[in-house]
Every structure is written in structure tokens, then in C-alpha cells.
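Numbering-wise (the working numbering), the sequence shown opens with residue 41 and increments by one.
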Amino acid sequence: MKWSLKIAKVAGIEVYLHWTFIVLLVGVLVGGLRSVNHEGGNLNGFWFIILLFLFVLLHEFGHALMGKRFGVKTNHITLLPIGGVAAMEHIPEQPWQEMLIALAGPAVNFVLALGFLLFLGISGHVPAFSDWWSPVSNDNMVYSLFTTNVMLFSFNLIPAFPMDGGRVLRALLAMKYGRYRATNLAVRIGQLLAIGFVLYGLIPSTGNIWMVFIGVFIYLGAGAEGNYESTRSALVKYKVRDAIMHHFSPLQSSDTIGTAVKMLLDGQEKEFIVIENDAVVGTLNRNEMIEGLGHFGKEAVLSEVMNKVVLRLEPEMQLDEVYDQMTDENVEIAPIFENNQLIGVLNRDNIMELLIIDNSQPHLGLRF
Ligand SMILES: [Zn+2]
Numbered sequence: 041m042k043w044s045l046k047i048a049k050v051a052g053i054e055v056y057l058h059w060t061f062i063v064l065l066v067g068v069l070v071g072g073l074r075s076v077n078h079e080g081g082n083l084n085g086f087w088f089i090i091l092l093f094l095f096v097l098l099h100e101f102g103h104a105l106m107g108k109r110f111g112v113k114t115n116h117i118t119l120l121p122i123g124g125v126a127a128m129e130h131i132p133e134q135p136w137q138e139m140l141i142a143l144a145g146p147a148v149n150f151v152l153a154l155g156f157l158l159f160l161g162i163s164g165h166v167p168a169f170s171d172w173w174s175p176v177s178n179d180n181m182v183y184s185l186f187t188t189n190v191m192l193f194s195f196n197l198i199p200a201f202p203m204d205g206g207r208v209l210r211a212l213l214a215m216k217y218g219r220y221r222a223t224n225l226a227v228r229i230g231q232l233l234a235i236g237f238v239l240y241g242l243i244p245s246t247g248n249i250w251m252v253f254i255g256v257f258i259y260l261g262a263g264a265e266g267n268y269e270s271t272r273s274a275l276v277k278y279k280v281r282d283a284i285m286h287h288f289s290p291l292q293s294s295d296t297i298g299t300a301v302k303m304l305l306d307g308q309e310k311e312f313i314v315i316e317n318d319a320v321v322g323t324l325n326r327n328e329m330i331e332g333l334g335h336f337g338k339e340a341v342l343s344e345v346m347n348k349v350v351l352r353l354e355p356e357m358q359l360d361e362v363y364d365q366m367t368d369e370n371v372e373i374a375p376i377f378e379n380n381q382l383i384g385v386l387n388r389d390n391i392m393e394l395l396i397i398d399n400s401q402p403h404l405g406l407r408f
């Protein structure tokens, strides 16, 4: 993920801190230093954030370790103030496996909350039920840790993307409707729920502004995640071979931008691979051409303007993983090799076309 700081590597999984988490940490530290003379505070804001960080991290490792049980590798974990993201290589085969992976995170917070509650019970400090949702206070550290985990548990189980609850909902729906349609359904349900949050939050007597914020957050998150998820989940059953384009026009690294522009205007292709001595040395898309034209003029050679990062694909690669990587690294076109022979190319439009042509996918799904 962009704008993140790598802080550790645990069990082969890299852990990143998102910048918003760092800002929050610095902000609270500055605020905390100002009130350092406050009496009786044994849990100041800074330590609270550190512990929150730890709980979120444990939550994500819950997902990661459950994923590992089903052979799903986690590449990295990124921590955000509202939770974490465990980037997994693929969606597991069976919906119930996905459900268990999604539930494993909140389960960690449940166990932690239970542990803190038990401690409170033994030490005779269980607060009155009416105080359970009071803001974090300094006078009962264990109690604050307990409520934090209760909040992490319940917030993540809201049945809407991008929360874990959204994944649980999708998995349940997928058992009946199949993954693709289930994703669309889960997105609609999540957005409906989000609208509910916003409306409820706007009621003057009972609502509050946080409900509105959470609602807007879920609405936007559900849409973005939904688009991505529905594409990705529809691609699970495909390999690179299924979307290969055998007919393509490679450019030479010694060609000029003028030649490339002419090819762009003449044909259907919008992205090209660039070849030098029979090896693929770069790629070129429309934006790079326009930029190159502006900077160097049409006589400049492609080796100066092409994108030199080449994603090498093989026909048997999983299409959902490749799509993921292309989106992540902003790659428009990639060459496909079989036994070190260039046999075709793949671009993101191809992948989309494959989904449109595939009529086993009910594209309209259910909408409400
Ligand atoms: Zn989670």
C-alpha cells in the first residue's frame, strides 16, 4: 500500500503502518505531552494508541493465520486507525473458508475482551452496564482495554464491505448465489445499511455525527471494495491463458514516438510492448506517448519514454492474482511467455472483455 512505513516482519508477513496511523500517533503524543502533569492518569492517550495498534495487529494476524490454514498466503499487513488490511494472495476456494478467515479477526478481539472482562470480574471492577459505552477514561485501564476490544469486535462485524462483516455476509450469500452475485448483493446490502446509519445519525434527538461519518465511510468503502471484489471474484476461475491476446503489434525500442502515435491512430491497440533484440524491454501506453510527445517531440526514440518495468506473465498464472498485481502496480499491458517464448500479451481491457463475454456471469445481478 502507498504511503506506508514498514515496521516489522512477523512470521514471514511484513507489517506496515499507514501514514494516518502515524499522524494520529504523533498528534496524541503531542497532546499527551501537554497534559503530562495530569494527576491519576495511568493510561494516557499515547499508550492507548499503542495498545490499539497492538489489538488491531493481533486482529489482522487472526485473519492471516486462519488464511494460512487454508493455504492462503498473506503478503503484508497494513495498519490504519480504523483497522488493518491483511493483503491475501487470493480468495479461498470455499465460501465457508472465507467466512472463517473473516471471522478470525473479530474473534481475536472477542477473546481479548473476554480476558479483560474476566480480569475486571476477578478484581471486582466490573462497571455498571450503563457506563459500558462511555469514552476512554484514565481511571480504569483494564476497563478501557475491554471496551476498545468490544468496539473493534462490533465495528468490524458490521455486515458491509470493507468490514469483515461484509465478507461474512458475502460468504453466506455465496453458498446460495455463487460468489459473483453474492458480492453484488453484499455491496447493495452494505450501502443500504450505510444510508440507514446516515439517516439515523441525522435524527436530532437520538442521532450523532459519528453515525453519519461511519455511514459515509461504509457507503464509499462498499462501492469501491465492491467493484474491485466483484471483478476479482469473477476472475478466480480463469488463468492468464484465457485472456491472452495473440495478435499484437510490438514496437522496437529504436522506433520514434511518431511511429507509435501512428500505430495508435491506425489500429485498435492502445498499449504496446517494446522490443529490443528480441527481448521485451518496456511497455508504452497512451499517456506515456502524450507525455513523451510533450517533453521530447515526435522524433524521440521509445527507449527514452517507455515504461521500463515489465511484468512477465505465464499462461498458467491465476488471472485474479495477475489482475490484482496489475491494478496494484498500475500496469496496463504485460507480455506472456511460454518456455521463454513471447506468445502474446495481456491488458486490463482484455480482462474486462473476458468478463463481459462470459455469459455465465449474471451481470445485472439483483439490484435494489
Ligand atoms: Zn478484520
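From the three backbone atoms N, C-alpha and C, an ideal C-beta is built for every residue, glycine too.
- The beta-bridge partner set that DSSP reports for MET366 is empty.
- DSSP, read as helix, strand or coil, puts MET215 in helix.
- The bridge partners DSSP lists for LEU353 are ILE376.
- With fewer than 16 other CB atoms across the displayed protein chains lying within 10 angstroms of its CB, PHE253 is exposed.
- Contact between GLY155 and GLU100 fails: their C-beta atoms lie close to 18 Å from each other, not under 8 Å.
- The residues LEU351, in chain order, have a CB closer than 6 Å to that of VAL371 in the same chain once the five nearest residues on each side in sequence are set aside.
- Looking at the DSSP output, ASN347 sits in a beta bridge with THR323.
- Of the candidates LEU157, ARG109, THR187 and GLU129, the residue whose Cα lies closest to the Cα of LEU91 is THR187.
- Burial check for HIS335: the Cβ neighbour count within 10 Å stays below 16, so the residue is exposed.
- In the DSSP secondary-structure assignment, ASN317 is not bridged to any residue.
- Distance from ILE284 to LEU386 at the Cβ level is roughly 6 Å; contact confirmed, criterion being Cβ atoms closer than 8 Å.
- In the structure shown, the three-state DSSP call for GLN231 is helix.
- Residue environment analysis places GLN134 among the exposed positions, since fewer than 16 neighbouring C-beta atoms fall within 10 angstroms of its C-beta.
- Inter-residue distance for LEU394 and LEU119 is about 34 Å (C-alpha atoms, whole angstroms).
- Spanning the alpha carbons of ILE315 and MET366 requires a straight line of approximately 20 Å.
- At least 9 Å separates the beta-carbon of LEU209 from that of GLY236.
- Assignment of beta strand (DSSP E) within the region 114-172, counting only whole runs of 3 or more residues, yields 114-120 and 123-128 in chain order.
- LEU212 sits close to ALA222, with the two beta carbons spaced by under 9 Å.
- With a cut-off of 8 Å on Cβ pairs, the region 322-334 is not in contact with the region 236-251, counting fewer than three such pairs.
- By the beta-carbon neighbour count (other beta carbons within 10 angstroms, threshold 16), ASP364 is buried.
- Within the model, the alpha-carbon separation for SER273 versus LYS113 is close to 17 Å.
- At the C-beta level, LEU382 and ILE376 come within 9 Å of one another.
- MET215 and ALA319 have their alpha carbons spaced roughly 46 Å apart.
- Going by C-alpha positions, LEU152 is about 11 Å away from PHE159.
- Put simply, the backbone Cα of LEU45 is about 11 Å away from that of THR60.
- Minimum Cα-Cα distance from LEU291 among the listed residues GLY322, GLY218 and THR246 corresponds to GLY322.
- Using a cutoff of 8 Å, the CB of GLY124 counts as near ligand 1, since one of the ligand's heavy atoms is closer than that.
- Under a 10 Å Cβ-count criterion, HIS103 is classified as buried, with 16 or more other Cβ atoms of the shown protein chains found around its own Cβ.
- With respect to the C-alpha of ARG388, the residue from GLU138, ALA127, ASP306 and VAL362 having the closest C-alpha is VAL362.
- Residue side-chain check: ASP204 places its Cβ nearer than 8 Å to a non-hydrogen atom of ligand 1.
- By the criterion of a C-beta distance shorter than 7 Å, GLY205 is surrounded in its chain by ASN196, LEU197, ILE198 and PRO199, once the five residues flanking it on both sides are discounted.
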